[in-house]
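Enquirer: Can you read through this structure? Questions will come right after.
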Amino acid sequence: MSKKGSCSSSIEIGGMVISSIEFSGKMALVIFTAKCMLRCPYCHNSEIIEGGDVYQLEEIFQKIEESIDFIDSVVISGGEPLMQDTQVFEILKHAKSLELSTKMDTNGYYPEKLQKMIKLIDYVALDIKAPFNKYEQIIGEAIGSQVRSSMEICSEDPDTFLECRTTYVPALMEPEDVVEIAKSIQCDIYTLQQFNSKTVLDERLKEAVMPLRDDVKKIAESLKPYLDNIRIKTYEFGEEIISSSDN
Ligand code: SF4
């Protein structure tokens, strides 16, 4: 590991951790890739969006192999993993060669890059940060059409499980915006997450109201006409299923 810039045989990351909560039902080695092109006001990973520590890909492969007795999956999170797509592609290939399941968290900015590696990813968690036509208003970047394309790539692939997820930030959006999102997405599960003002990129949000778990639950309940599988994630109660097509 070094602090210098990366090349195609190295990758900048914010850290690696073994976790049971990042990939439902699986133990995962989670690799937090550094760098992000967005600056979401509520970002809680701001310490890694400019860059991270440089690892050789061989070091990452070695970490996966050292962890193999404890894990059954590799999760690539961020930052935005597809900013280092060549390296991420190699990591996914390596994980698959070891018969591990794979998951990627992405903000959907790069549909073409996602398309190139979709066959290597079992589970995509895609941020839907706003209704597609309100991205600029809510996070300051008009990337709704890119995110929609990323969603379509995943939802059209029968082998990829797609989770769409939204962080509900009352200071930036109305409950109706969440309903609008629900009406316009196709996914295997939708997660509505509670905004937390403790760690945010935009200092102004530090004073912003955090929605209560009951507020998040009420909004999620209102999405039932549009989506089959809905859950909420709150700091008080963790994950709770609101609606499931299995019931
Ligand atoms: S919240 Fe995600 S997409 Fe937004 S700036 Fe942070 S890492 Fe990037």
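Residue numbering for the sequence shown follows UniProt numbering, starting at 1 and increasing by one per position. Note that beta-carbon positions come from the ideal geometry of N, C-alpha and C, so glycine has one too.
When you compare each of Lys-134, His-44, Glu-50, Val-30 to Ile-91 by their alpha carbons, which one comes out closest?
Expert: Here residue 91 corresponds to residue number 91 of the sequence shown, with the count starting at 1. Answer by Cα proximity: Val-30.
Enquirer: Whose CA, out of Phe-70, Lys-96, Leu-38, Ile-185, lies closest to the CA of Gly-78?
Expert: What you label residue 78 is simply residue 78 of the sequence shown in a count that begins at 1. Scanning Phe-70, Lys-96, Leu-38, Ile-185 for the CA closest to the CA of Gly-78 turns up Leu-38.
Enquirer: DSSP has Leu-29 in a bridge; who is on the other side?
Expert: Position 29 of the sequence shown, counted from the first residue, corresponds to residue 29. DSSP output for Leu-29 lists Ile-18, Val-74 as bridge partner(s).
Enquirer: Ordered along the chain, which non-local residues of its own chain (more than five positions away) have a Cβ less than 6 Å from that of Tyr-226?
Expert: As a first step, residue 226 is located in the sequence shown; it is residue number 226 there, counting from the start. Around Tyr-226: Ala-182, Lys-183.
Enquirer: Return helix, strand or coil for Lys-129, following the three-state DSSP convention.
Expert: Numbered from 1 along the sequence shown, position 129 holds the residue referred to as residue 129. Here Lys-129 sits in coil by DSSP.
Enquirer: Would you mind reading off the limits of the alpha helix (DSSP H) that contains Ile-219?
Expert: Residue numbering aside, residue 219 sits at position 219 when the sequence shown is read from its first letter. Per DSSP, Ile-219 belongs to the alpha helix (DSSP H) from 213-221.
Enquirer: Could you please give me the residues that DSSP links to Cys-164 through a beta bridge?
Expert: Residue 164 sits at position 164 when you count from the first residue of the sequence shown. Beta-bridge pairing links Cys-164 to Leu-126, Tyr-190.
Enquirer: Assuming Ser-97 is part of the alpha helix (DSSP H), what are its boundary residues?
Expert: Here residue 97 corresponds to residue number 97 of the sequence shown, with the count starting at 1. Its alpha helix (DSSP H) spans residues 85-97.
Enquirer: CA-CA distance, Lys-217 and Ile-242?
Expert: Counted from its first residue, the sequence shown places residue 217 at position 217. Counted from its first residue, the sequence shown places residue 242 at position 242. The straight-line gap from Cα to Cα measures roughly 8 Å.
Enquirer: Would you call the CB atoms of Leu-201 and Ile-49 closer than 9 Å?
Expert: The sequence position of residue 201 within the sequence shown is 201, counting from 1. The sequence position of residue 49 within the sequence shown is 49, counting from 1. Contact flag set, yes.
Enquirer: How about Ser-10 and Gln-56: do their beta carbons lie closer than 9 Å?
Expert: Within the sequence shown, residue 10 is the residue found at index 10, counting from 1. Within the sequence shown, residue 56 is the residue found at index 56, counting from 1. The answer is yes: Cβ separation under 9 Å.
Enquirer: Output the distance between the C-alpha atoms of Ser-244 and Asp-157, rounded to the nearest integer angstrom.
Expert: Position 244 of the sequence shown, counting from 1, holds the residue named residue 244. Position 157 of the sequence shown, counting from 1, holds the residue named residue 157. Between Ser-244 and Asp-157, the C-alpha separation is close to 21 Å.
Enquirer: Along the chain, where does the alpha helix (DSSP H) containing Met-173 start, and where does it finish?
Expert: As a working note, residue 173 is residue 173 in the sequence shown. Per DSSP, Met-173 is not a residue of any alpha helix (DSSP H), being assigned neither H nor E.
Enquirer: If you follow the alpha helix (DSSP H) that Ser-155 is in, where does it begin and where does it stop?
Expert: By 1-based counting over the sequence shown, the position of residue 155 is 155. Looking at the DSSP string, the run of the alpha helix (DSSP H) that includes Ser-155 is 144-155.
Enquirer: Excluding five sequence neighbours on each side, which residues of the same chain lie with their C-beta closer than 7 Å to the C-beta of Ala-95?
Expert: Position 95 of the sequence shown, counting from 1, holds the residue named residue 95. Cβ within range, chain order: Ile-64, Val-74, Thr-102.
Enquirer: Report the option in Cys-40, Asp-72, Ser-46 whose CA atom is closest to the CA atom of Ser-20.
Expert: Counting from 1 along the sequence shown, the entry for residue 20 is found at position 20. Checked all of Cys-40, Asp-72, Ser-46; the closest Cα to Ser-20 is Asp-72.
Enquirer: Below 8 Å, can you find three or more Cβ-Cβ pairs linking the region 129-138 to the region 161-177?
Expert: Touching, per the Cβ criterion.
Enquirer: Starting from Ile-48 and walking both ways along the alpha helix (DSSP H), at which residues does that stretch end?
Expert: In the sequence shown, residue 48 corresponds to position 48, counting from 1. Element bounds for Ile-48: n/a, residue is neither H nor E.
Enquirer: How many Å lie between Ala-28 and Met-117 at the Cα?
Expert: Taking the first residue of the sequence shown as position 1, residue 28 is located at position 28. Taking the first residue of the sequence shown as position 1, residue 117 is located at position 117. Here the alpha carbon of Ala-28 sits roughly 19 Å from the alpha carbon of Met-117.
Enquirer: Do Ile-128 and Cys-164 come within 9 Å of each other at the CB atom, strictly closer than that value?
Expert: Here residue 164 is taken as the residue at index 164 of the sequence shown, counted from 1. Here residue 128 is taken as the residue at index 128 of the sequence shown, counted from 1. Yes.
Enquirer: Could you please give the first and the last residue of the uninterrupted beta strand (DSSP E) stretch that includes Met-1?
Expert: Working through the sequence shown from its first residue, we reach residue 1 at position 1. Counting along the chain, Met-1 falls outside any beta strand (DSSP E), and DSSP gives it neither H nor E.
Enquirer: Have a look at Gly-51, Tyr-42, Tyr-123 and flag the residue whose alpha-carbon is nearest the alpha-carbon of Lys-26.
Expert: Taking the first residue of the sequence shown as position 1, residue 26 is located at position 26. When only C-alpha atoms are compared, the closest one is Tyr-123.
Enquirer: Within this structure, are the beta carbons of Gly-51 and Lys-35 separated by less than 9 Å?
Expert: As a working note, residue 51 is residue 51 in the sequence shown. As a working note, residue 35 is residue 35 in the sequence shown. Yes.
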